[in-house]
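Undergrad: Residue 277 in UniProt numbering sits at position 277 of the sequence shown, with consecutive numbering throughout. Note that CB positions come from ideal geometry on N, CA and C, so glycine has one too.
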Amino acid sequence: MSDTKKIIEDIKNRKLAPIYFLYGNEPYFIDEISDYIANNVLDEGEKGFNQMVLYGRDIDMGELVENAKRFPMMADYQVIIVKEAQDLARHWDKFESYAKQPQPTTILVFNYKYKTPDKRKKVFKEMAKNAVFFESKPLYENKVLPWINSHLKSNGYNIEPKAGQMLIEFLGTEIAKIKNELDKLMIIVPAGTMITPQLIEENIGISKDYNNFELRKALGSRDTVKVNRIINYFAENPKDNPLVVTIGQLHSFFVQLLKLHAMTDRNPQTVARQIGVSPFFVQEYFTAAKHYSMKHCSHAIKIIRDIDMKSKGVGTNKPQQHDLLQELIVNIMYP
């Protein structure tokens, strides 16, 4: 995120590069930079003659270079944005001469999503001398909640940690999905609102009481009644609570507990950083560590892996999700 902000800040200050090569597996940050260039380098009167969007599947490299060499009309720059630039993969050798000496009045932006260029090729080595290269990586889970907080704060909202965790567990860590849901929520509720689990449940449809976050919390405190309520709810709503997600969440939980057991420094900030959670949730991990020894955590991870294999049909015939989840929980809590 810091790289994204630095690039946007430079563009805002008119420190412009002739080539922006934006690549990687997280499309949100690629679009964020590309859209900022599209919306801010030229004013509205200049865009008609000096800004174009091309698609890698529709053009050849010769056509792209010819457009890039043009001079702007009644403007300081022209902007060319190449979407789906990965479709140009077999033609990069034809870009080498332009990469050596790019047109200084052209801002050429490549959106190269879900792939990584082979930087060993001469064309990319030449491009690196004049271009801004930006790799857009998916955020680790412990970085997503700070992003949610930052996005909402910049729009005049705040969010409770549990509400943010609900979004992550339901939507995953893909920023575009989370932003889409938050933007819809911000249309519904007024600025200045604290986003609560209740608001998330009412407007996005994620249960505040029956989700993987609450399951881990109940499991950690060995609250058998609540654990059973949650897994029964999951059985009744399998589409919203797929077993594969629950398995992944529980695996992460017990791996984090193993890391906690191995730590000598139990300062909450240190623990949060080392196991990759918000400081708000650290106390729940301390509670769970009292109930699950290091040996018990290792056993739980083995059980989780066994159930994962069974869920994929290994060694069993099309097992029911509820039966597998019940088997998983019982074997974890009562080894």
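1) Figure out for me which residue from 299, 138, 220 and 333 has the closest Cα to the Cα of residue 290.
2) So what does DSSP say about residue 294, is it helix, strand or coil?
3) Just mark residue 269 as buried or exposed, buried being the case when its beta carbon has 16 or more other beta carbons within 10 Å.
4) Taking 8 Å as the cut-off, decide whether the C-beta atoms of residue 18 and residue 117 are in contact.
5) Is it buried or exposed for residue 198, if we count other Cβ within 10 angstroms and need 16 for buried?
6) List the whole-angstrom C-beta distance separating residue 176 from residue 28, where the pair is believed to meet the contact cut-off of C-beta under 8 Å.
7) If you count every other CB in all the chains shown that lies within 10 Å of the CB of residue 56, and 16 or more means buried, which is it?
8) Is there a Cβ from chain C that is less than 8 Å from the Cβ of residue 126?
9) Rounded to whole angstroms, what is the Cα-Cα separation between residue 100 and residue 146?
10) Could you give the first and the last residue of the continuous beta strand (DSSP E) run that contains residue 111?
11) If you draw a straight line from the C-alpha of residue 121 to the C-alpha of residue 25, how long is it?
12) Out of curiosity, what's the CA-to-CA distance linking residue 192 and residue 159?
13) With distances taken between CB atoms, is the gap from residue 293 to residue 243 smaller than 8 Å?
14) CA-CA distance, residue 4 and residue 31?
15) Counting beta carbon pairs with one atom in the region 147-167 and one in the region 198-217, are three or more of them shorter than 8 Å?
16) To test your reading of the DSSP string, which unbroken alpha helix (DSSP H) runs of 4 or more residues are found completely within the region 189-277?
17) On the criterion of 16 or more Cβ atoms from any shown chain inside 10 Å, does residue 90 qualify as buried, or is it exposed?
18) If you reduce the DSSP assignment to three classes, tell me which class residue 28 lands in.
19) Go ahead and label residue 295 buried or exposed: buried means 16 or more other beta carbons lie within 10 angstroms of its beta carbon, across all protein chains shown.
20) When you compare the CB positions of residue 281 and residue 138, do they come within less than 8 Å of one another, or not?
21) From which residue to which residue does the alpha helix (DSSP H) around residue 49 run?
22) Give the secondary structure of residue 139 by DSSP, where H, G and I count as helix, E and B as strand, and everything else as coil.
23) When you compare only the Cα positions, how much space is there between residue 152 and residue 196?
24) The beta strand (DSSP E) that contains residue 79, what's its start and end?
25) Sorted by chain position, which residues of the same chain lie with C-beta nearer than 6 Å to residue 300's C-beta, five sequence neighbours on each side aside?
26) When you compare the CB positions of residue 134 and residue 33, do they come within less than 8 Å of one another, or not?
TA: Looking at the atomic coordinates:
1) 220
2) helix
3) exposed
4) no
5) exposed
6) 5 Å
7) buried
8) The chain inventory of the structure shown lacks chain C, comprising one protein chain alone.
9) 40 Å
10) 106-113
11) 21 Å
12) 10 Å
13) no
14) 11 Å
15) yes
16) 197-204, 212-220, 224-236, 243-262 and 268-275
17) exposed
18) helix
19) exposed
20) no
21) 44-50
22) coil
23) 13 Å
24) 78-83
25) 254 and 332
26) yes
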